[in-house]
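S.K.: Each residue of the sequence shown is one higher than the last, beginning at 281 in my numbering.
Ideal Cβ placement from N, Cα and C applies to all residues, glycine included.
Given the structure is predicted, the values throughout are model-derived calculations rather than measurements.
What follows is a structure written as structure tokens; I'll ask about it next.
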Amino acid sequence: MKKFKVKKTIQEINEKIKKGQAVVVTAEEMIDVVEKHGAVEAARKIDVVTTGTFGPMCSSGAFLNFGHTSPRIRASKVWLNDVPAYGGIAAVDCYIGATEVVEGDPLNSVYPGEFNYGGGHVIEDLVAGNAVKLRAEGYGTDCYPARKYEKNITIHDLKDAILFNRAMPIKIITVPLIYQTQQFILIWECCVRRWPTLLMQHQDS
281 MKKFKVKKTI
291 QEINEKIKKG
301 QAVVVTAEEM
311 IDVVEKHGAV
321 EAARKIDVVT
331 TGTFGPMCSS
341 GAFLNFGHTS
351 PRIRASKVWL
361 NDVPAYGGIA
371 AVDCYIGATE
381 VVEGDPLNSV
391 YPGEFNYGGG
401 HVIEDLVAGN
411 AVKLRAEGYG
421 TDCYPARKYE
431 KNITIHDLKD
441 AILFNRAMPI
451 KIITVPLIYQ
461 TQQFILIWEC
471 CVRRWPTLLM
481 QHQDS
């Protein structure tokens, strides 16, 4: 078995946390610590490296219902601030994935890609109450004759807005420490669970 040059137990780290003596840095800060002191000394100095993020998380997205238009449209294609959303759900329902990229983004054709705007940002704009440009296209039917629809909307214009993360029910993303102590909580998990409340606040106002 490989021998580690620095050994710290979870119990030791928890005790330092209780006493307020633990040295905590973010993942980005840890890079600088390692570059300055080396990996071994960094392991001695640092007790906890936080890796939680409030950025767009894979497997996350939002189901949105923007209400019937006049004339009505069967929105088979939907964009929100030019970010494609999946329209194959119902007439005026769509699903926007947090990691979907804005249409026309060069992606990695200009390496490395910047990926400045996408589905996660659309969701953030909605939660913040900002206006989002809705664009929808349909193929036209007797019941839904409209073929195009555009409107600037806010979260207050939506009939339903529900955040969803498919990984949450099966818990495929987790941290081993969760099983050993309740003191460790996944930041992203708390964020995803809190989002639906934020999105639905407009219905109570």
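Is DSSP giving L457 helix, strand or coil here?
M.R.: Reading the sequence shown from its first residue, position 177 is the one you call residue 457. Residue placement at L457 cannot be trusted, given a pLDDT of 38 that sits under 50; what the coordinates show is reported in the next sentence. The answer is helix: DSSP assigns L457 an H, G or I state.
S.K.: Under the rule that 16 or more other beta-carbon atoms within 10 Å means buried, what is A378, buried or exposed?
M.R.: As a working note, residue 378 is residue 98 in the sequence shown. Looking at its Cβ environment, which holds 16 or more other Cβ atoms inside 10 Å, A378 is buried.
S.K.: DSSP on S339, reduced to helix/strand/coil?
M.R.: The residue you call residue 339 lines up with position 59 of the sequence shown. If DSSP states are grouped into helix, strand and coil, S339 belongs with coil.
S.K.: From this set, D327, E309 and A319, which residue's C-alpha is nearest N294's C-alpha?
M.R.: What you label residue 294 is simply residue 14 of the sequence shown in a count that begins at 1. For the residues D327, E309 and A319, the minimum Cα distance to N294 belongs to D327.
S.K.: From what residue to what residue does the beta strand (DSSP E) around A416 run?
M.R.: Here the question's residue 416 lines up with position 136 in the sequence shown. Looking at the DSSP string, the run of the beta strand (DSSP E) that includes A416 is V412 to E417.
S.K.: Excluding the 5 residues flanking V305 on each side, which residues of the same chain have their C-beta closer than 8 Å to its C-beta?
M.R.: Working through the sequence shown from its first residue, we reach residue 305 at position 25. Closer than 8 Å at Cβ, skipping near neighbours: V313, I326, V328, V329 and T330.
S.K.: Tell me where the beta strand (DSSP E) around L406 begins and ends.
M.R.: The residue given as residue 406 occupies position 126 in the sequence shown. No beta strand (DSSP E) holds L406; the alpha helix (DSSP H) holding it covers G399 to V407.
S.K.: Taking all protein chains shown into account, decide if Y419 is buried (16 or more other Cβ within 10 angstroms of its Cβ) or exposed.
M.R.: Numbered from its first residue, the sequence shown carries residue 419 at position 139. Y419 is exposed by the Cβ-count criterion.
S.K.: Between the alpha carbons of K283 and A319, how many angstroms are there, rounded?
M.R.: Translated into positions along the sequence shown, residue 283 becomes position 3. Translated into positions along the sequence shown, residue 319 becomes position 39. So the alpha carbons of these two residues sit roughly 15 Å apart.
S.K.: State the DSSP-derived secondary structure class of V358, mapped to helix, strand or coil.
M.R.: Looking up residue 358 in the sequence shown gives position 78. Strand.
S.K.: In terms of residue numbering, what span does the beta strand (DSSP E) encompassing K428 cover?
M.R.: As a working mapping, residue 428 is identified with position 148 in the sequence shown. Where K428 is concerned, the enclosing beta strand (DSSP E) stretches over K428 to I433.
S.K.: V381 to R352, Cα distance in whole Å?
M.R.: Counting from 1 along the sequence shown, the entry for residue 381 is found at position 101. Counting from 1 along the sequence shown, the entry for residue 352 is found at position 72. Cα to Cα, the separation comes out at about 28 Å.
S.K.: Please return the same chain residues whose Cβ sits closer than 8 Å to the Cβ of G368, not counting the five positions on each side in sequence.
M.R.: Indexing the sequence shown from 1 puts residue 368 at position 88. Counting only Cβ-Cβ distances below 8 Å, and skipping sequence neighbours, we find S356.
S.K.: Count the other CB atoms within 10 Å of the CB of S340; is the residue buried (16 or more) or exposed (fewer)?
M.R.: Taking the sequence shown and counting its residues from 1, the one referred to as residue 340 is at position 60. So S340 counts as buried.
S.K.: So, with DSSP's three-state summary, where would you put N345?
M.R.: To locate residue 345, count along the sequence shown from 1; it is residue 65. Shown here, N345 sits in a strand according to DSSP, grouped into three states.
S.K.: Output needed for K413: all residues of its chain with C-beta closer than 6 Å, excluding positions within five of it in sequence on either side, in chain order.
M.R.: Locating residue 413 in the sequence shown gives position 133, counting from the first residue. Excluding positions up to five away in sequence, the list reads N361 and N432.
S.K.: Drop a sphere of 10 angstroms on the beta-carbon of K298, count the other beta-carbons inside from all chains shown, and report buried for 16 or more, exposed for fewer.
M.R.: Translated into positions along the sequence shown, residue 298 becomes position 18. Looking at its Cβ environment, which holds fewer than 16 other Cβ atoms inside 10 Å, K298 is exposed.
S.K.: Should A307 go down as buried or exposed, given a rule of 16 or more other Cβ atoms within 10 Å for buried?
M.R.: Sequence index remark: in the sequence shown, residue 307 carries index 27 (1-based). It is exposed - the Cβ of A307 has fewer than 16 other Cβ atoms within 10 Å.
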